[in-house]
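Trainee: Each residue of the sequence shown is one higher than the one before, counting from 1 in full-length UniProt numbering.
From the three backbone atoms N, C-alpha and C, an ideal C-beta is built for every residue, glycine too.
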Amino acid sequence: MTDARLKSRPVREASGLIPRPASEPLTFGGTIGLFAPACAGTKPSGLAVLFASPWGLEEMCTRKFWRIISEKLADRGIPSLRFDYPGTGDALDGVDFKNGLGVWSDSLVAAGAHLKALSGCERIAVVSQGLGAVVAAKAAEKIEGLEAIAYLAPVVSGRLHVRELAVWSRVVDENLSLPEEQRQKASVSIASLTMPAEVAEEVRKVNLMTADRVPALRTLVVGRADRPADHDFATHLRGLGADVTEQVFQGYERLVSNPAISKLPLPVAENLVDWIAALPVEPHSVRESQRAAIAPLAGDGFAETPVRFGSNSRLSGVLCEPLHGRAGATVLFLTSAYDRHAGWGRTTVTMARALARAGIASLRFDTAGAGDSPPVSGRPEQVLYHSSQNADVSEAIDFLEARRLTPVVTSGRCSGAYLGFQASLVEPRIAGDVSVNPAVFRWRPGRSVEDAIINGTRSLDDYGKRALRVETFKRILKGEVDVLAAVRNIVKGIGSRIRNKLLHVFRAVLPEGRAIYGAFRALHQRGMPVSLIYSENDLGLEQYDFYFGRDGSGLSRFPNVSSTIIPDADHNLTPDHAREIYLDTLRKMAFRFAPAVDTNRSETRDAVAAE
Numbered sequence: 001m002t003d004a005r006l007k008s009r010p011v012r013e014a015s016g017l018i019p020r021p022a023s024e025p026l027t028f029g030g031t032i033g034l035f036a037p038a039c040a041g042t043k044p045s046g047l048a049v050l051f052a053s054p055w056g057l058e059e060m061c062t063r064k065f066w067r068i069i070s071e072k073l074a075d076r077g078i079p080s081l082r083f084d085y086p087g088t089g090d091a092l093d094g095v096d097f098k099n100g101l102g103v104w105s106d107s108l109v110a111a112g113a114h115l116k117a118l119s120g121c122e123r124i125a126v127v128s129q130g131l132g133a134v135v136a137a138k139a140a141e142k143i144e145g146l147e148a149i150a151y152l153a154p155v156v157s158g159r160l161h162v163r164e165l166a167v168w169s170r171v172v173d174e175n176l177s178l179p180e181e182q183r184q185k186a187s188v189s190i191a192s193l194t195m196p197a198e199v200a201e202e203v204r205k206v207n208l209m210t211a212d213r214v215p216a217l218r219t220l221v222v223g224r225a226d227r228p229a230d231h232d233f234a235t236h237l238r239g240l241g242a243d244v245t246e247q248v249f250q251g252y253e254r255l256v257s258n259p260a261i262s263k264l265p266l267p268v269a270e271n272l273v274d275w276i277a278a279l280p281v282e283p284h285s286v287r288e289s290q291r292a293a294i295a296p297l298a299g300d301g302f303a304e305t306p307v308r309f310g311s312n313s314r315l316s317g318v319l320c321e322p323l324h325g326r327a328g329a330t331v332l333f334l335t336s337a338y339d340r341h342a343g344w345g346r347t348t349v350t351m352a353r354a355l356a357r358a359g360i361a362s363l364r365f366d367t368a369g370a371g372d373s374p375p376v377s378g379r380p381e382q383v384l385y386h387s388s389q390n391a392d393v394s395e396a397i398d399f400l401e402a403r404r405l406t407p408v409v410t411s412g413r414c415s416g417a418y419l420g421f422q423a424s425l426v427e428p429r430i431a432g433d434v435s436v437n438p439a440v441f442r443w444r445p446g447r448s449v450e451d452a453i454i455n456g457t458r459s460l461d462d463y464g465k466r467a468l469r470v471e472t473f474k475r476i477l478k479g480e481v482d483v484l485a486a487v488r489n490i491v492k493g494i495g496s497r498i499r500n501k502l503l504h505v506f507r508a509v510l511p512e513g514r515a516i517y518g519a520f521r522a523l524h525q526r527g528m529p530v531s532l533i534y535s536e537n538d539l540g541l542e543q544y545d546f547y548f549g550r551d552g553s554g555l556s557r558f559p560n561v562s563s564t565i566i567p568d569a570d571h572n573l574t575p576d577h578a579r580e581i582y583l584d585t586l587r588k589m590a591f592r593f594a595p596a597v598d599t600n601r602s603e604t605r606d607a608v609a610a611e
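1) With C-beta atoms as the reference, is Asp570 less than 8 Å away from Leu176?
2) Could you spell out where the beta strand (DSSP E) holding Gly46 opens and where it closes?
3) What residue range does the alpha helix (DSSP H) around Arg357 cover?
4) DSSP puts Asn207 in a beta bridge; with which residues?
5) What distance in whole Å lies between the Cβ atoms of Ala38 and Ser45, which are believed to be in contact at a cut-off of 8 Å?
6) Rounded to whole angstroms, how far is the Cβ of Leu297 from the Cβ of Thr27, which I believe are closer than 8 Å?
7) Hey, quick one: how far does the alpha helix (DSSP H) through Ser119 stretch, first residue to last?
8) Among residues of its own chain, excluding the 5 on either side of Leu57, which ones have a beta-carbon nearer than 6 Å to its beta-carbon?
9) In this structure, how does DSSP classify Thr406 when only helix, strand and coil are distinguished?
10) What does the Cβ neighbour count give for Ala74, buried or exposed, with the cut at 16 atoms within 10 Å?
11) Is it the case that the Cβ atoms of Val317 and Arg353 are separated by a distance below 8 Å?
12) Return helix, strand or coil for Val393, following the three-state DSSP convention.
13) Would you call the region 119-138 and the region 47-55 touching, i.e. three or more CB-CB distances under 8 Å?
14) With burial defined as no fewer than 16 other Cβ atoms inside 10 Å of the residue's Cβ, what is the status of Glu147: buried or exposed?
15) To the nearest angstrom, how far is it from the Cα of Arg340 to the Cα of Ala368?
16) With a floor of 3 residues, list each beta strand (DSSP E) that falls wholly inside the region 73-97, ordered by position along the chain.
17) Going by beta carbon distance, what residues of the same chain come within less than 7 Å of Ser448, once the five residues before and after it are set aside?
18) Hey, how far is the Cα of Gly343 from the Cα of Gly239?
19) Could you spell out where the alpha helix (DSSP H) holding Ile276 opens and where it closes?
20) Return yes when the Cβ of Glu201 is within less than 8 Å of the Cβ of Gly87, no when it is not.
21) Would you check if the region 433-441 and the region 410-423 touch, i.e. whether three or more CB-CB distances between them fall below 8 Å?
22) Please give me, in chain order, every unbroken run of the beta strand (DSSP E) with length at least 3 that falls completely inside the region 295-331.
23) Of the residues Gly77, Asp232, Gly241, Ser553, which one's Cα is nearest the Cα of Asp274?
24) Measuring alpha carbon to alpha carbon, tell me which residue in Pro215, Lys263, Tyr582, Ala590 is nearest Gly241.
25) What is the rounded straight-line gap between the Cα of Glu304 and the Cα of Leu319?
The structure is reproduced here in structure tokens:
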């Protein structure tokens with residue numbers, strides 16, 4: 001076999017410069033942080049920025065936005081730190097939340113102490129958004145050297161926020177076509193994420209308008225034009241004696257609606273950075289900085305280490321390893337759309353830890369331009385379904401290979417499934433692949449990714465099932481359904497079916513058919529096992545049916561390929577039974593291969609994984 005490392009050459013930007021490195025990972029208090037130091041050659045600031053994240057779907061949608069802001073700050077000589085609250089993102093679970101919101105506010109205080117040590121700065125500005133505003137206000141008096149707080153779209157009334165989450169959650173569930181019995185309604189939840197009961201109880205009682213002293217003398221409120229409460233909060237802080245600046249959060253709704261199609265309000269980021277850079281902090285207060293400490297986070301049968309790797313450490317991810325001996329291949333998780341590597345509803349985190357308990361190691365990471373991994377100049381802004389992502393997969397395998405964590409099998413959902421399938425065709429080191437709900441096996445040149453995501457998320461069968469539900473008629477009467485858009489998609493779906501019936505007999509000679517059959521033939525000749533998993537009525541089944549039949553009879557010529565269709569499951573595999581089928585398929589795929597080295601420890605756990 002050809003040594004793929006010889007052809008996996010370092011990625012360089014179009015200008016000839018090396019790519020921007022990902023932020024430096026660190027671990028503390030059972031969680032993972034990302035420290036972005038000031039860029040070399042910039043005038044050092046005496047101020048560092050600490051991020052207090054929102055929660056739930058809003059956090060998923062702002063992950064990339066946060067990274068971009070941190071990069072803009074670094075370009076101005078201002079270091080920063082982002083991190084996950086306990087029990088969220090990549091942080092450990094099993095947290096005792098008897099202190100409610102105090103668990104998260106204490107973690108913010110601890111993060112501030114680490115930021116001061118890492119940056120050498122004595123003064124800190126906190127940038128918060130959504131529920132992060134509540135966390136920041138609660139932690140403010142304990143953060144040493146707090147200079148200022150920026151509130152972006154702040155949660156002012158916790159009771160109102162919980163109500164909005166319930167409405168927002170219902171919209172998300174509707175878009176996923178989840179039936180009533182599969183929806184989480186007994187707790188505060190959204191996008192398969194559930195807020196700890198103790199935290200939710202305290203959030204309901206929060207009202208920032210009752211504060212009788214300012215958390216910080218210098219304050220920025222970036223409010224939403226349609227939310228008078230944001231302006232009222234700024235007025236309240238001003239009345240308490242704070243120096244308050246107000247800005248408008250243009251594009252908020254487009255930022256937080258869906259991580260796959262999120263539109264980043266870059267002018268908001270620029271204005272925020274300008275405000276921070278103008279804070280009157282003396283640069284001579286900078287002292288000697290410390291290096292980020294990385295100790296694996298140990299959990300039930302697993303140890304996780306945040307890593308950055310690839311050319312100039314440009315890619316960010318988390319390596320999850322079993323504590324008691326390794327078995328099988330290492331699973332390389334590929335992200336879906338622009339979701340962060342923790343996965344929708346932390347699915348990937350849960351899967352990785354369950355695999356580790358079975359002895360299977362895994363690496364989950366963000367491809368360039370998604371989540372915590374910076375983009376590469378010269379690549380298109382829209383990297384989904386683009387061949388440039390194959391280089392990211394190869395560099396991830398380089399990383400695993402250097403640490404003797406081979407062989408490698410890939411797995412992803414939707415666009416991640418497409419990437420795993422396509423990368424397998426050009427990367428001989430991939431031993432197997434598990435693809436979940438791939439929309440297509442070949443991306444038609446010129447097709448709009450945005451249009452496919454916005455207008456192509458439901459199959460015709462799904463519309464048929466929805467039409468029979470009483471709740472659908474109720475929502476139509478309430479004006480909650482875009483009937484015209486639905487009709488357009490139904491007509492489009494009917495037209496697609498008619499076209500497919502006419503072209504079915506010619507499918508093997510059409511350009512798309514030749515490419516798809518050729519790809520499956522190549523993987524068969526290589527003997528590489530492929531497991532396909534689809535949710536019942538998933539849109540991706542239309543192409544699968546066209547080329548292989550709903551019963552999979554067309555796969556008989558490719559005995560290396562197996563397929564599973566999960567009943568009563570949505571595109572994101574929300575129900576427990578769907579995720580268990582996915583997990584079982586991953587276990588079986590990994591156990592088909594013996595690990596390259598029979599060892600209880602990888603080189604990563606014996607050394608600092610980040611560079």
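Mentor: Per the coordinate set shown:
1) yes
2) Per DSSP, Gly46 belongs to no beta strand (DSSP E) and is neither H nor E.
3) 347-357
4) Ser157
5) 7 Å
6) 6 Å
7) 102-119
8) Ile190, Ala191
9) coil
10) buried
11) Looking at the sequence provided, one finds Gly at residue 317 rather than Val. Against a cut-off of 8 Å, the Cβ pair of Arg353 and Gly317 comes out as no contact.
12) helix
13) yes
14) buried
15) 11 Å
16) 80-83
17) none
18) 42 Å
19) 266-277
20) no
21) yes
22) 302-309, 315-322
23) Gly77
24) Pro215
25) 6 Å
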